[in-house]
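S.K.: This is the structure I have questions about; it appears just below.
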Amino acid sequence: MSRLSPQNEAVAHEIISRYPWKKSALIPLLHLAQEQDGYVSDEAMVHLGELVDVSPAEVLGTCSFYEMFKREPVGRYLVNICTNISCQLLGGEELLHHAEHALGIKAGNTTGDGLFTIEDVECIAACTEAPCLTVNYRYFYKVEDGDFDAIVEDLRNGRQPTRKAAESGPEGQIPPHGTLALQRQHIPADRVAGNADPDRASAPVWLEQA
Amino acid sequence: MTAPIVQLVTSRLHHADSYTLARFEATGGYEGLRKALSMTPAAVHDEIRAATLLGRGGAGFPAGVKWGFTPPGVWPRYLVVNGDESEPGTYKDRMLMERDPHQLIEGCLIACYAAGLSQCFLYVRGEMALAQTRVATALNEAYAAQYVGRNILGSNFSVDIVLHWGAGAYIVGEETALIESLEGNRGMPRLKPPYFPAAIGLYGKPTVVNNVETLSNLGGIIVRGSEDYKQYGSESSPGTRMFAVSGHVRRPGVYEVQHGVTTFRELLYDEQFCGGIRNGNALKAFIPGGGSSPWFFEEQLDLPLEARPVGGAGSMLGSGAIVVMDETTDAVKACLRVVRFYARESCGKCTPCREGTSWLETILQRIVDGHGRPADIDMLLDVGDNISPGPYPAASWESEGLAAVPFPPKQTTICPLGPSAVAPVVSALRRFRPEFEAKIRRRALGIPVRVEDSTHV
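For the protein sequence lines, the chains are A and B, in the order given. Add 40 to a position in the first sequence, counting from 1, and you land on the number used in the numbering used here. Add 335 to a position in the second sequence, counting from 1, and you land on the number used in the numbering used here.
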């Protein structure tokens with residue numbers, strides 16, 4: 041796949057403008073590339089390097105540190121099943137085992153039809169709702185084997201799964217892999233305070249005049 | 336007698352629309368900001384310092400004192416909000432970001448005003464898509480309503496709050512790693528000293544890093560005053576704290592309780608909270624402050640939820656995450672699972688952690704798989720000693736004549752991640768050593784053949 045589209049490049053410039061140092065925008069930009077293509081392609085990394093003035097190797101260095109960034113395509117639905125301690129105590133490992141059997145793949149792999157990737161993940165901060173999982177980072181709580189089957193069945197048939205979904209309405213809808221927030225921050229031009237340039241040392245005006 | 340329930344930071348969460356600006360304004364929202372702007376920055380700082388608001392991220396350092404560590408005359412200063420909640424067992428910051436984002440934004444503004452911080456970066460964990468949506472929406476609303484940005488509410492106070500989001504790395508919760516990540520780099524902790532990024536932080540400038548729950552308390556403290564805040568909780572730990580209680584209790588949940596006066600027993604057993612262990616089972620052990628904390632047992636139930644006594648008793652209150660294990664729990668498997676987390680999440684910068692955590696996992700895995708060797712128990716302790724030399728913090732066990740070893744552990748690493756992997760190993764071996772020995776002995780009896788998975792390709 042590809043470099044950022046002109047439309048996404050405009051979004052990228054908006055994001056970059058909010059940081060005193062361009063490279064700070066790199067993780068949000070890698071997410072933008074992943075949102076566009078479903079994964080982070082080599083071409084996208086070259087483009088991001090151009091946008092923030094670093095080498096492609098530096099972009100790869102950052103990209104490869106963070107486990108959400110996939111450098112090759114994954115399934116349409118990335119199913120992250122937590123097996124960390126709180127979930128383990130309430131059947132997270134058994135749920136993962138069931139998922140592997142139900143989909144016929146081991147964790148870390150994608151089904152032949154390209155629909156599902158399963159991952160055995162670390163704590164996703166829903167410990168009181170164990171065992172839990174996310175599908176493209178949308179939460180499902182207190183998931184039992186039957187719930188998992190129902191979620192998979194819904195997704196296979198193009199329906200939004202509602203069983204054990206943490207959120208209802210648009211916020212519970214499962215977007216394509218790579219899409220995180222449904223809303224981006226936009227700072228209106230007439231409201232922006234401006235970046236605090238690390239090279240320009242002056243005390244904030246509200247402290248001086250206090 | 337359990338201290339009465341007081342809701343200071345979770346007061347809005349029962350409203351279905353708790354995350355909207357309309358609800359926030361209808362329930363006293365941004366009153367703290369207005370009041371702060373009518374005071375001098377120094378007076379606001381004094382008020383927070385007087386409230387002794389302890390950091391809620393893990394280390395428990397007073398926020399007002401932390402702000403004061405920025406060197407005088409060095410500008411600009413930055414605020415970085417740590418919303419990278421990933422400690423095993425912890426679920427509170429995500430709740431606050433998803434369900435009361437304006438309360439957090441108000442806290443950011445008050446901190447920037449008081450401590451002279453010129454730009455704020457609000458770092459939300461990458462996996463938390465809904466929190467990112469809600470914070471972005473709230474920021475857009477707040478900018479439009481003149482609460483954030485240039486000349487806030489017509490004053491000369493101007494600051495941008497920039498939403499930033501991560502991409503999956505536990506280590507980024509460590510504040511210098513968070514700053515590296517915010518600079519677009521691999522999230523590896525920086526060498527100490529300096530011990531606080533307050534001196535040299537983001538872009539090499541003074542930087543305050545505060546936790547989401549900490550900042551979410553600021554609006555209320557300014558509105559009601561530090562004296563009012565200090566009527567709750569204990570003298571050294573005022574106010575309230577959020578605790579996520581998970582595992583084998585009847586009612587797992589996130590509870591806001593008075594800080595320093597409520598005990599573990601009350602939180603775990605009272606009907607108004609968790610209601611006791613599931614199925615009337617006996618308690619085996621509990622993790623008092625997230626995966627990184629040494630385990631507690633029956634004997635520690637009457638300790639108050641307060642940093643100092645918990646530290647003296649050999650563990651930490653950490654990130655407000657209590658994980659309860661009942662008598663059915665396999666201590667060796669639980670220990671392995673927590674250790675595996677640190678092995679996976681080690682950033683690889685320090686050798687004792689990179690090598691040690693992996694070896695701890697490897698050895699524990701073979702014990703669980705029935706391939707353990709008699710020397711493995713000593714080897715586990717030896718590997719642990721390379722990461723955290725000397726006696727490792729542990730709870731007392733009076734009937735066995737074992738005294739508590741107080742927190743924190745020593746470390747041969749830059750950050751506490753490596754030493755955290757030793758906590759479950761020492762805790763489980765000290766208390767449940769026969770379980771490890773039994774698994775190792777089983778090896779001599781032959782390895783059972785399982786057929787369940789044999790048809791699986």
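Yeah, the Cβ is synthetic: ideal placement off N, Cα and C, and Gly gets one too.
Considering only DSSP beta bridges, list what S762(B) is partnered with.
M.R.: Counted from its first residue, the second sequence places residue 762(B) at position 427. In the DSSP output, where bridge partners are listed per residue, S762(B) has none listed.
S.K.: Since W402(B) is in the alpha helix (DSSP H), which residue starts that stretch and which ends it?
M.R.: Taking the first residue of the second sequence as position 1, residue 402(B) is located at position 67. Taken as a continuous stretch (DSSP letters only), the alpha helix (DSSP H) holding W402(B) covers 398-402.
S.K.: With a 10 Å radius around its C-beta and 16 neighbouring C-beta atoms as the bar for buried, classify R768(B) as buried or exposed.
M.R.: Residue 768(B) sits at position 433 when you count from the first residue of the second sequence. It counts as exposed.
S.K.: Considering only DSSP beta bridges, list what S493(B) is partnered with.
M.R.: Position 158 of the second sequence, counted from the start, is the residue given in the question as residue 493(B). For S493(B), which the question treats as bridged, DSSP gives no partner whatsoever.
S.K.: With C-beta atoms as the reference, is V645(B) less than 8 Å away from L638(B)?
M.R.: Taking the second sequence and counting its residues from 1, one reaches residue 645(B) at position 310. Taking the second sequence and counting its residues from 1, one reaches residue 638(B) at position 303. It is a contact, given that the beta carbons lie within the stated cut-off.
S.K.: Name the two residues that bound the continuous beta strand (DSSP E) containing C122(A).
M.R.: Sequence index remark: in the first sequence, residue 122(A) carries index 82 (1-based). Residues 117-122.
S.K.: Would you tell me roughly how many angstroms separate the C-alpha atoms of K204(A) and I214(A), rounded to the nearest one?
M.R.: Start at 1 with the first residue of the first sequence, and residue 204(A) comes out as number 164. Start at 1 with the first residue of the first sequence, and residue 214(A) comes out as number 174. Going by the C-alpha atoms only, they are around 13 Å apart.
S.K.: Rounded to whole angstroms, what's the CA-CA distance from R777(B) to G705(B)? Just pull it up for me.
M.R.: Here residue 777(B) refers to the residue found at position 442 when the second sequence is read from its first residue. Here residue 705(B) refers to the residue found at position 370 when the second sequence is read from its first residue. Cα to Cα, the separation comes out at about 7 Å.
S.K.: So that I know if they touch, is there some Cβ in chain B lying closer than 8 Å to that of F188(A)?
M.R.: As a working mapping, residue 188(A) is identified with position 148 in the first sequence. Output row for F188(A): interface = no.
S.K.: Please compile the residues from chain B whose C-beta is within a distance smaller than 7 Å of the C-beta of P238(A).
M.R.: Position 198 of the first sequence, counted from the start, is the residue given in the question as residue 238(A). Near P238(A) (Cβ distances below 7 Å), the residues of chain B are P411, Y538, G539, K540.
S.K.: For a contact defined as C-beta to C-beta under 7 Å, what are the partners of F492(B) on chain A?
M.R.: Indexing the second sequence from 1 puts residue 492(B) at position 157. Result: W246.
S.K.: Which bits of chain B does L91(A) rub up against, with CB to CB less than 9 Å?
M.R.: Start at 1 with the first residue of the first sequence, and residue 91(A) comes out as number 51. Those within 9 Å of L91(A) in chain B number zero; the least Cβ separation is about 11 Å.
S.K.: Mind pulling the alpha helix (DSSP H) runs of 4 or more residues that sit fully within the segment 85-135 of chain A?
M.R.: Listed in chain order, they are 96-103, 125-129.
S.K.: Thinking C-beta only, is P728(B) closer than 8 Å to P573(B)?
M.R.: Locating residue 573(B) in the second sequence gives position 238, counting from the first residue. Locating residue 728(B) in the second sequence gives position 393, counting from the first residue. Contact: no.
S.K.: Rounded to a whole number of angstroms, what is the C-alpha to C-alpha distance between V792(B) and G144(A)?
M.R.: The sequence position of residue 792(B) within the second sequence is 457, counting from 1. The sequence position of residue 144(A) within the first sequence is 104, counting from 1. A caution first: V792(B) carries a pLDDT of 38, below 50, which makes its placement in the model unreliable, though a value can still be read off. Each residue's Cα considered, the two are about 8 Å apart.
S.K.: Could you name the residues of the same chain whose beta carbon sits closer than 8 Å to that of L222(A), not counting the 5 residues immediately before and after it, in chain order?
M.R.: Here residue 222(A) refers to the residue found at position 182 of the first sequence. The residues are P210, E211, P215.
S.K.: For C750(B), which residues from the same chain have a beta carbon less than 6 Å from its beta carbon, with the 5 sequence-adjacent residues on both sides left out?
M.R.: Numbered from its first residue, the second sequence carries residue 750(B) at position 415. Around C750(B): E509, P524.
S.K.: Could you run through the segment 434-462 of chain B and flag, in chain order, every residue whose CB is less than 7 Å away from some CB of chain A?
M.R.: For the segment 434-462 of chain B, which is checked against every Cβ of chain A, the residues closer than 7 Å are Y448, G451, S453, Q454, G461, E462.
S.K.: Below 8 Å between beta carbons: does that hold for A386(B) and S561(B)?
M.R.: Mapped onto the second sequence, residue 386(B) falls at position 51. Mapped onto the second sequence, residue 561(B) falls at position 226. Cβ atoms of A386(B) and S561(B): closer than 8 Å.
S.K.: So if DSSP puts R178(A) in a beta bridge, which residue, or which two residues, is it bridged to?
M.R.: On the first sequence, residue 178(A) is found 138 positions in, with the first residue counted as 1. According to DSSP, R178(A) bridges with V175(A).
S.K.: Please list the partners that T102(A) has in chain B, where partner means a Cβ-to-Cβ separation under 8 Å.
M.R.: Taking the first sequence and counting its residues from 1, the one referred to as residue 102(A) is at position 62. Within 8 Å Cβ-Cβ: G519, N520, R521.
S.K.: What first and last residue would you give for the beta strand (DSSP E) that runs through M523(B)?
M.R.: Translated into positions along the second sequence, residue 523(B) becomes position 188. Where M523(B) is concerned, there is no enclosing beta strand (DSSP E), given that its DSSP letter is neither H nor E.
S.K.: Note down the Cα distance separating Q128(A) from E162(A), rounded to an integer number of angstroms.
M.R.: Taking the first residue of the first sequence as 1, we reach residue 128(A) at position 88. Taking the first residue of the first sequence as 1, we reach residue 162(A) at position 122. Distance between the alpha carbons of Q128(A) and E162(A): 11 Å.
S.K.: Please identify the residue among P60(A), W61(A), V183(A), L44(A) whose C-alpha is closest to the C-alpha of L69(A).
M.R.: Position 29 of the first sequence holds residue 69(A). Of P60(A), W61(A), V183(A), L44(A), the residue nearest in Cα terms is L44(A).
S.K.: Please confirm whether A477(B) and V470(B) have their CB atoms less than 8 Å apart.
M.R.: For this step, residue 477(B) is matched to residue 142 along the second sequence. For this step, residue 470(B) is matched to residue 135 along the second sequence. No, these two residues do not count as a Cβ contact at 8 Å.
S.K.: Is the beta carbon of T253(A) sitting closer than 8 Å to the one on V114(A)?
M.R.: One cannot answer for residue 253(A) here, as it falls past the ends of chain A, which runs 41 to 250.
S.K.: For D661(B), which beta-bridge partners are listed by DSSP?
M.R.: Working through the second sequence from its first residue, we reach residue 661(B) at position 326. D661(B) pairs with L618(B).
S.K.: Please list, in chain order, the chain A residues whose beta carbon lies closer than 7 Å to that of M660(B).
M.R.: Locating residue 660(B) in the second sequence gives position 325, counting from the first residue. What M660(B) touches in chain A: L129.
S.K.: Please confirm whether F16(A) has its beta-carbon closer than 8 Å to some beta-carbon of chain B.
M.R.: Beyond the ends of chain A as shown, which are 41 and 250, falls residue 16(A); an answer cannot be given.
S.K.: Determine the DSSP secondary structure at L715(B), reduced to helix, strand or coil.
M.R.: Sequence index remark: in the second sequence, residue 715(B) carries index 380 (1-based). Of the three classes helix, strand and coil, the one that applies to L715(B) here is helix, per DSSP.
S.K.: Does the beta-carbon distance from A620(B) to R766(B) come in below 8 Å?
M.R.: What you label residue 620(B) is simply residue 285 of the second sequence in a count that begins at 1. What you label residue 766(B) is simply residue 431 of the second sequence in a count that begins at 1. Yes, the pair counts as a contact, with Cβ atoms nearer than the cut-off.
S.K.: In chain A, what lies closer than 9 Å to T692(B) by C-beta?
M.R.: Residue 692(B) sits at position 357 when you count from the first residue of the second sequence. Those within 9 Å of T692(B) in chain A number zero; the least Cβ separation is about 13 Å.
S.K.: I'd like to confirm the pairing. Which residues does DSSP put opposite T575(B) in its beta bridges?
M.R.: Taking the first residue of the second sequence as position 1, residue 575(B) is located at position 240. Answer is Q593(B), bridged to T575(B).
S.K.: Verify the CB distance criterion: does D495(B) have a CB-CB separation below 8 Å to chain A?
M.R.: If you number the second sequence from 1, residue 495(B) lands on position 160. It does: the Cβ of D495(B) has a partner Cβ on chain A nearer than 8 Å.
S.K.: Work out the CA separation of Q700(B) and A236(A) for me, nearest whole Å.
M.R.: Translated into positions along the first sequence, residue 236(A) becomes position 196. Translated into positions along the second sequence, residue 700(B) becomes position 365. Taking the straight line from one Cα to the other gives about 49 Å.
S.K.: Going by beta carbon distance, what residues of the same chain come within less than 7 Å of A52(A), once the five residues before and after it are set aside?
M.R.: Translated into the one-based positions of the first sequence, residue 52(A) becomes position 12. Closer than 7 Å at the Cβ level, and outside the excluded window around A52(A), lie L44, L69, L72, L91.
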